[in-house]
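Participant:
2 protein chains.
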Amino acid sequence: MTGTIFLDESVALLERTPRVARELLSGIPDSWLGEPDTVGGWTARDVIGHLISAELDDWIPRAEIIVRDGTSHPFEPFDRFAHVQRDRDVPLGTLLERFAELRGESLSRLRDLVRDDADLDRRGRHPELGEVTLRELLATWAVHDLDHLAQVYASLAASQDTAVGPWKAYLGILLRRDAASAADATSAADASETAGAVETAGAAGPVD
Amino acid sequence: MTGTIFLDESVALLERTPRVARELLSGIPDSWLGEPDTVGGWTARDVIGHLISAELDDWIPRAEIIVRDGTSHPFEPFDRFAHVQRDRDVPLGTLLERFAELRGESLSRLRDLVRDDADLDRRGRHPELGEVTLRELLATWAVHDLDHLAQVYASLAASQDTAVGPWKAYLGILLRRDAASAADATSAADASETAGAVETAGAAGPVD
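In order, the protein sequences belong to chains A and B.
For the first sequence, position 34 matches number 34 in the numbering used here, and the numbering has no gaps at all.
Heads up, the numbering used here is the position in the second sequence plus 208, with the first residue counted as 1.
(1) For residue 280/B, which of 339/B, 250/B, 263/B, 244/B has the nearest alpha-carbon?
(2) Are the CB atoms of residue 379/B and residue 79/A within a distance shorter than 9 angstroms?
(3) Taking only the alpha-carbon atoms, compute the straight-line gap between residue 221/B and residue 168/A and give it to the nearest angstrom.
(4) Helix, strand or coil: which one does DSSP assign to residue 212/B?
(5) Compute the distance between the beta-carbons of residue 332/B and residue 270/B, then report whether it is under 9 angstroms.
(6) So, for residue 344/B: in the same chain, excluding its five sequence neighbours on each side, which residues have a beta-carbon less than 6 angstroms away from its beta-carbon?
(7) Looking at the unbroken beta strand (DSSP E) that takes in residue 333/B, where does it start and where does it end?
(8) Leaving out five residues before and five after residue 98/A in sequence, what residues of the same chain have Cβ atoms less than 7 angstroms from its Cβ?
(9) Can residue 251/B and residue 363/B be called in contact, C-beta distance under 9 angstroms?
(10) Check the Cβ of residue 29/A against every Cβ in chain D and list those closer than 8 angstroms, keeping chain order.
(11) DSSP on residue 90/A, reduced to helix/strand/coil?
(12) Whether or not the segment 244 to 258 of chain B and the segment 19 to 29 of chain A are in contact is what I'm after, with contact meaning three or more pairs of Cβ atoms, one per stretch, closer than 8 angstroms; do they touch?
(13) Would you call residue 45/A buried or exposed, if buried means 16 or more other Cβ atoms sit within 10 Å of its Cβ?
(14) Residue 224/B versus chain A: which residues are under 8 angstroms apart at the beta carbon?
(15) From residue 322/B to residue 217/B, what distance separates their C-alpha atoms?
(16) Name the chain A residues whose beta carbon is nearer than 7 angstroms to that of residue 362/B?
(17) With a 10 Å radius around its C-beta and 16 neighbouring C-beta atoms as the bar for buried, classify residue 108/A as buried or exposed.
(18) Please return the same chain residues whose Cβ sits closer than 6 angstroms to the Cβ of residue 325/B, not counting the five positions on each side in sequence.
(19) Counting C-beta neighbours from all protein chains within 10 Å, is the total for residue 30/A 16 or more, i.e. buried, or is it exposed?
(20) Buried or exposed for residue 353/B, going by 16 or more other Cβ atoms inside 10 Å?
(21) Against residue 166/A, what residues of chain B qualify as contacts under a CB-to-CB distance less than 8 angstroms, listed in chain order?
(22) Taking residue 91/A as the reference, give the member of 27/A, 177/A, 173/A, 182/A with the closest Cα.
(23) Can you grab the Cα-Cα spacing for the pair residue 291/B / residue 242/B, in whole Å?
(24) With distance defined between alpha-carbon atoms, name the residue in 164/A, 139/A, 174/A nearest to residue 370/B.
(25) Find the nearest neighbour of residue 330/B within the set 373/B, 388/B, 392/B, 278/B, judged by alpha-carbon distance.
(26) Taking the alpha helix (DSSP H) that residue 255/B falls in, what are its first and last residues?
(27) Can you pull the chain B neighbours of residue 144/A, defined as C-beta to C-beta under 8 angstroms?
(28) Got a sec, what are the start and stop residues for the beta strand (DSSP E) residue 131/A sits in?
(29) My output table needs one value for residue 73/A: the three-state DSSP class, helix, strand or coil.
(30) Is residue 176/A close to chain B, meaning its C-beta is less than 9 angstroms from at least one C-beta of that chain?
(31) Please list the terminal residues of the continuous alpha helix (DSSP H) segment that includes residue 229/B.
(32) Just tell me which of 47/A, 165/A, 81/A, 77/A has its CA closest to the CA of residue 128/A.
(33) Residues of chain B with a CB under 8 angstroms from the CB of residue 87/A: which are they?
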């Protein structure tokens, strides 16, 4: 146990994510895995790959910058699409194990970096959002997990979009998907002169 | 193994849901559990209670009506708020175990009811949607799981709505929640002459 309840309660969520992802996705038939959450969005494999990227390049590296440099050194930009090339041929089961391993290492390092509430009040500088606290980084890490896991559910549901027949009218997870795809199509059309494939693919996912 | 791939692949998802729910929610600190997914929506406890109700009164009873009566007997209406009174004082851990137990019984019964693809083509009558197949019922059961689990993620995220600070601007799971609450407030105002508390509470969740 540490001196901060907020840290303990955040870790209680963060340590669940790889276990939940494994319970949901490990060994699931491929027929569930083929669709992205919205048109141009992410499949379950993309999401787990992105979570791996965030363990490597986002949360702990940024926490370390806050502790070491405070607001004098802005965070490095984070590549939200690093997984696309890196994980191209990696099986989902391997990605799930890799994510679990990295998350374990991250939480161990977090316990070194944050000892008390005063540590959580330390400030850093986000390149776009300005000053943020380590407490806000930690809350964002957890909500980012929840956001992307919810995205996995939408991708799994998408594979049954027509199979549910007339019940689709009652299933918000499918209706929201259509609404998001329609909105993306509109904004993609507006931006078609300038937006490349990578930016289009990013429309569906949360950024960091 | 049965004769139908669709049944096996649906069961592969359905049997995961209670395990995923337990992995996510069992023993999680109460500070994660206090908010509904949207204003007037459902907390994690509500969702698990509703999933219990659906095991008792929706999926298998409707499958049995299809197999026994075909389209001659419409499904019974399903009370989406049965959990509100029934589970008022039941701890979340007990609800999770109850749901897992009922889901196991449901899947065992499903294996009795569905032996081959011809069984999946059997038709029943939904009181509002008209003719539906057992295959569509099964797909809907799985997507209904995904829809409500995604709702749990939104409720957990809601507890950190202010804690994430300026990062909220990047977190779709929180932004969509605000948008849904704003839309509900508009429609609730429109319907204020006729809608009681129960109907208002239902605005956030998928129906069946």
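Think of the CB as a built atom: it goes at the ideal place given N, C-alpha and C, for glycine as much as any other residue.
Facilitator: This is what the structure holds:
(1) Answer by Cα proximity: 339/B.
(2) Result no, Cβ atoms of residue 79/A and residue 379/B do not sit closer than 9 angstroms.
(3) Going from the Cα of residue 221/B to the Cα of residue 168/A covers about 18 angstroms.
(4) Residue 212/B: coil per DSSP, three-state reduction.
(5) For residue 332/B and residue 270/B, yes; Cβs fall inside 9 angstroms.
(6) Around residue 344/B: no qualifying Cβ.
(7) Element bounds for residue 333/B: 331 to 334.
(8) 52, listed in sequence order.
(9) In contact: residue 251/B and residue 363/B (Cβ atoms closer than 9 angstroms).
(10) In summary, chain D is missing from the structure at hand, where the protein chains are A and B.
(11) In the three-state reduction of the DSSP assignment, residue 90/A falls in the coil class, being assigned neither a helical nor a strand state.
(12) With contact defined as three or more Cβ pairs closer than 8 angstroms, the segment 19 to 29 of chain A and the segment 244 to 258 of chain B are not in contact.
(13) Around the beta carbon of residue 45/A, 16 or more other beta carbons lie within 10 angstroms, which makes this residue buried.
(14) The answer, in chain order, is 23, 24, 28.
(15) The alpha-carbon of residue 322/B is positioned some 13 angstroms away from that of residue 217/B.
(16) For a Cβ distance threshold of 7 angstroms, residue set 150 of chain A lies close to residue 362/B, ordered along the chain.
(17) Residue 108/A is classed as exposed because its beta carbon has fewer than 16 other beta carbons within 10 Å across all chains shown.
(18) Answer for residue 325/B: 212, listed in chain order.
(19) In summary, residue 30/A is exposed, with fewer than 16 beta-carbon neighbours lying within 10 Å of its beta-carbon over all protein chains present.
(20) Buried, since its Cβ has 16 or more Cβ neighbours within 10 Å.
(21) Those within 8 angstroms of residue 166/A in chain B are 334, 337, 338, 340, 344.
(22) Comparing Cα positions, the closest option is 27/A.
(23) Using only the alpha carbons, I get a separation of about 17 angstroms.
(24) Each of 164/A, 139/A, 174/A was checked against the Cα of residue 370/B, and the nearest Cα belongs to 139/A.
(25) Among 373/B, 388/B, 392/B, 278/B, the Cα nearest to that of residue 330/B belongs to 278/B.
(26) Counting along the chain, the alpha helix (DSSP H) containing residue 255/B begins and ends at 252 to 265.
(27) Those within 8 angstroms of residue 144/A in chain B are 379.
(28) Its beta strand (DSSP E) spans residues 130 to 133.
(29) DSSP, reduced to helix, strand and coil, places residue 73/A outside both helices and strands of the structure shown, so it counts as coil.
(30) Yes, residue 176/A counts as interfacial toward chain B.
(31) Note, residue 229/B: alpha helix (DSSP H), 224 to 233.
(32) The option with the nearest alpha carbon to residue 128/A is 77/A.
(33) What residue 87/A touches in chain B: nothing, since even the nearest Cβ is about 22 angstroms away.
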